[in-house]
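Okay, structure first, notes after.
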Amino acid sequence: WGDNVAGALGRDSGGEPVGTVRSFDGPNVVNGRLYAGTSHVCARTYDRFLCWGRNDFGQASPDSTDDPVLPTTLDLVAIELALGERHTCAIENGTGVVLCWGANDSGQLGDGTEVDRRTPAPVSGLTNATAIVATSNLEGAAGDATCAIVDGGEVWCWGYNREGQLGNPTSDFSAVPLRVVGLPRADAIWAGAT
Numbered sequence: 626w627g628d629n630v631a632g633a634l635g636r637d638s639g640g641e642p643v644g645t646v647r648s649f650d651g652p653n654v655v656n657g658r659l660y661a662g663t664s665h666v667c668a669r670t671y672d673r674f675l676c677w678g679r680n681d682f683g684q685a686s687p688d689s690t691d692d693p694v695l696p697t698t699l700d701l702v703a704i705e706l707a708l709g710e711r712h713t714c715a716i717e718n719g720t721g722v723v724l725c726w727g728a729n730d731s732g733q734l735g736d737g738t739e740v741d742r743r744t745p746a747p748v749s750g751l752t753n754a755t756a757i758v759a760t761s762n763l764e765g766a767a768g769d770a771t772c773a774i775v776d777g778g779e780v781w782c783w784g785y786n787r788e789g790q791l792g793n794p795t796s797d798f799s800a801v802p803l804r805v806v807g808l809p810r811a812d813a814i815w816a817g818a819t
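All you need for the working numbering is the position in the sequence shown, starting with 1, plus 625.
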């Protein structure tokens, strides 16, 4: 239920808001959790992820240029996802490598560039990740950041940093992961918009 901009509700209702609870148009068996970005969503089923919603940078479906109003299979073997406003990241199963794709104007893909990517690319120098989270700026401007916990509990962040969301003493964005300063071992991580 709610705003259906770019098919964020997973059913074709012409983009109109829906104030009543209804099933989305796809498999109704979710074995795990839902992951929500600003206007795109992914769900874990028994053997894959299904994603739908806003896709102008390939964040919901790297294989398409359209907004997938109906759930589309994400062709990636991952243990965890993080969805920002215009990007998505995943922890690759078995390796802990973080892969990101979508918009990259703030360096939120962590690959050392500001180049948008429609296909998953590894984050520079980050392995053995165990948890990941993404932020988004609700005003639609450059504002995405991403953080991950690596084995051992260190937290590394990259992307937009005007409000200090990367956890270091500057306000400069970073296109590569930076370790959060002064944070003891972390077991879990969450994020707000900034």
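Every residue gets a Cβ at the ideal spot worked out from N, C-alpha and C, and that includes glycine.
Going by the CB atoms, is the gap between residue j and residue i shorter than 9 Å?
i	j	result
G719	G683	no
A754	V740	no
S761	G709	yes
C725	T663	no
Q733	G784	yes
E779	A811	yes
T698	A685	no
A813	I757	no
V723	A773	yes
D730	A746	no
Residue i: which of the options sits nearest, CA to CA?
i	options	result
Y671	L724, I704 and G735	I704
N786	V775, V801 and D741	V801
A818	L808, T744, R673 and L791	L791
S742	A756, V806, R711 and F674	In the sequence as presented, Ser is not what sits at residue 742; that position holds Arg. Checking every option, the nearest Cα to that of R742 belongs to R711.
G750	Y660, R804, P687 and D688	R804
A816	A707, D681, P687 and L695	A707
D700	V723, R673, V722 and S689	R673
T713	G737, T744 and N793	T744
G807	F798, N793, R658 and S799	N793
P809	G777, L675, H665 and T752	G777
Tell me, which residues are paired with residue i by DSSP?
i	result
F674	R669 and L699
G657	Answer is none; G657 lacks a bridge partner.
L724	A715 and P747
W781	A773 and R804
If you run the structure through DSSP and keep just helix, strand and coil, what is residue i?
i	result
S799	strand
I820	Nothing about residue 820 can be read from this structure; the chain reaches only from 626 to 819.
I716	strand
V805	coil
Of all Cβ atoms in chain D, is any one closer than 9 Å to the Cβ of residue i?
i	result
T819	Included in the structure is just one protein chain, with no chain D present.
Legend entry - Those runs of the beta strand (DSSP E) which lie wholly inside the segment 730–779 and span at least 3 residues: Runs of the beta strand (DSSP E) inside the segment 730–779: 742–747, 754–760 and 770–775.
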